[in-house]
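A.B. asks: Counting along the sequence shown from 1, when you hit position 9 you're at 1084 in the working numbering, and nothing is skipped either side. Below is the structure I would like to discuss, written out as structure tokens.
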Amino acid sequence: MGDSLLPFSKKRTFVLSNSATVAEAARTMEEHKVGCVVVSDGLGHICGIVTDRDLTCKVLAFQEDTNTLLEQVMSSPVVAIKHDQSLSDAIKVMTEFGFRRVPIIRSLKTGTEKCVGLVTLDQLIFRKLIPLKTASQVLKHRQENTLNIFYKVLAREMKVSRPTAVAVSGFLLTCLIERVSPHEAHQLIAELPKILQQDLLDIEGPNRKITPRFILRRLDEDFGFNTRASYQLVRGFWSGLECFLLGRQAPYILKQLPKELQVFFTGGFRNQKAPALAISNTSRITH
């Protein structure tokens, strides 16, 4: 086989528009016995990938409408390689970005792209075209990249430094997971960065002591945030979680919470009286 991409271009790859529905993707995968479909935008450029796992974790587990658009559940962005590049180039992309799937494209005269194949990590391992050590590095890098993106999004939405986002989001995630039932907790945890999952799976719930008052008190006592700052952090945390999860998983989890926590996380507190607390103006974490 050598270093050629030709063997990976022979097997048909299925491409759907980002405006296609989850139902269409599921039907395509079932009819053609494939594990994923490539997604293109309105300009004919490759913009994402949807796998059978995406459908299971992001749609079925959260009782999504099968008319949900692929752009809401696809893994994005993707890095594609051109048909005249080499297998080594594909492996380099996997290693550098932590991607398990790399589309092969051919540029057309119309300015659009045609997906002519797909290189997957599973194929490379099965055909012994990649050392297991390198494959392990790809998976590790993927996990690290996902975690970095997660904290970057949270820090942006919470308007704090990364160290602060890491510390505070860890506490808020624990509260969130501890408050819902084990079933809902496991569904949410499955969508979070894999590096975080094991510790979160050990949390037992539901704990009805998790209330807005409890969270505000802990943010004051443990992190030094006054009530106003705490409200902003909580809203930013939820906004960041929504951005990271995409689709509608966050609203599904939100519905499992008591009304007061729904209002608390989504910012409805602005129209309500804040719980009275003894507050501190001294922050123990650098903002």
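We put the beta carbon where it would ideally sit given N, CA and C, even for glycine.
Among residues of its own chain, excluding the 5 on either side of ILE1205, which ones have a beta-carbon nearer than 7 Å to its beta-carbon?
C.D. replies: Counting only Cβ-Cβ distances below 7 Å, and skipping sequence neighbours, we find ILE1166 and LEU1199.
A.B. asks: Compare the beta carbon distance of MET1149 and VAL1194 with 7 Å and say whether it is the shorter of the two.
C.D. replies: Cβ distance not < 7 Å, so MET1149 and VAL1194 don't count as in contact.
A.B. asks: Need the endpoints of the alpha helix (DSSP H) that SER1115 sits in, please.
C.D. replies: Here SER1115 belongs to no alpha helix (DSSP H); instead the beta strand (DSSP E) covers 1111-1115.
A.B. asks: Start and end of the alpha helix (DSSP H) containing GLU1099?
C.D. replies: Looking at the DSSP string, the run of the alpha helix (DSSP H) that includes GLU1099 is 1097-1107.
A.B. asks: Less than 7 Å between C-beta atoms, sequence neighbours within five positions excluded: which residues of the same chain meet that for SER1092?
C.D. replies: The answer, listed in chain order, is SER1115.
A.B. asks: Determine which residues share a DSSP beta bridge with CYS1190 and list them.
C.D. replies: BP columns for CYS1190 point to ILE1180.
A.B. asks: Alpha carbon to alpha carbon, how far is ALA1325 from ARG1181?
C.D. replies: Taking the straight line joining both Cα atoms gives about 37 Å.
A.B. asks: Consider the Cβ of ILE1224: report whether some Cβ of chain D lies at a distance smaller than 7 Å.
C.D. replies: This model lacks chain D altogether, as it is built from one protein chain only.
A.B. asks: Put THR1143 into one of helix, strand or coil per three-state DSSP.
C.D. replies: The answer is coil: DSSP assigns THR1143 none of H, G, I, E or B.
A.B. asks: Per DSSP, ILE1121 forms a beta bridge with which residues?
C.D. replies: BP columns for ILE1121 point to SER1115.
A.B. asks: Between the alpha carbons of ASP1159 and LEU1080, how many angstroms are there, rounded?
C.D. replies: In a straight line, the C-alpha of ASP1159 is about 8 Å away from that of LEU1080.
A.B. asks: Taking DSSP as the reference, what is the three-state secondary structure of LEU1248?
C.D. replies: DSSP places LEU1248 in helix when its eight states are reduced to three.
A.B. asks: Where in the region 1202-1226 do unbroken runs of the beta strand (DSSP E), each at least 3 residues long, occur, reported from the N-terminal end onward?
C.D. replies: As far as the region 1202-1226 is concerned, it has no whole beta strand (DSSP E) run of at least 3 residues.
A.B. asks: Roughly how many angstroms lie between the CA atoms of VAL1241 and THR1185, to the nearest whole one?
C.D. replies: So the two alpha carbons sit approximately 46 Å from each other.
A.B. asks: Taking buried to mean at least 16 other C-beta atoms within 10 Å of its own C-beta, is ASP1140 buried or exposed?
C.D. replies: It is exposed - the Cβ of ASP1140 has fewer than 16 other Cβ atoms within 10 Å.
A.B. asks: Rounded to whole angstroms, what is the Cα-Cα separation between PHE1300 and LEU1294?
C.D. replies: If I take the Cα positions, the gap works out to 6 Å.
A.B. asks: In terms of alpha-carbon separation, which member of GLN1307, LYS1157 and GLY1280 lies closest to LYS1189?
C.D. replies: Of the candidates GLN1307, LYS1157 and GLY1280, the one whose C-alpha sits nearest the C-alpha of LYS1189 is LYS1157.
A.B. asks: Can you tell me the Cα-Cα spacing of ILE1278 and PHE1083, whole angstroms?
C.D. replies: Near 43 Å, if we compare the C-alpha coordinates of PHE1083 and ILE1278.
A.B. asks: Are the CB atoms of LEU1145 and ALA1100 nearer to each other than 7 Å?
C.D. replies: Yes, Cβ-Cβ distance for LEU1145 and ALA1100 is below 7 Å.
A.B. asks: For ILE1252, verify whether its CB is less than 6 Å away from any heavy atom of the ligand GTP.
C.D. replies: Questions concerning the ligand GTP fall outside what the structure shown contains, since it holds no ligand whatsoever.
A.B. asks: What is the rounded straight-line gap between the Cα of MET1169 and the Cα of ARG1176?
C.D. replies: Roughly 7 Å between the two C-alpha positions.
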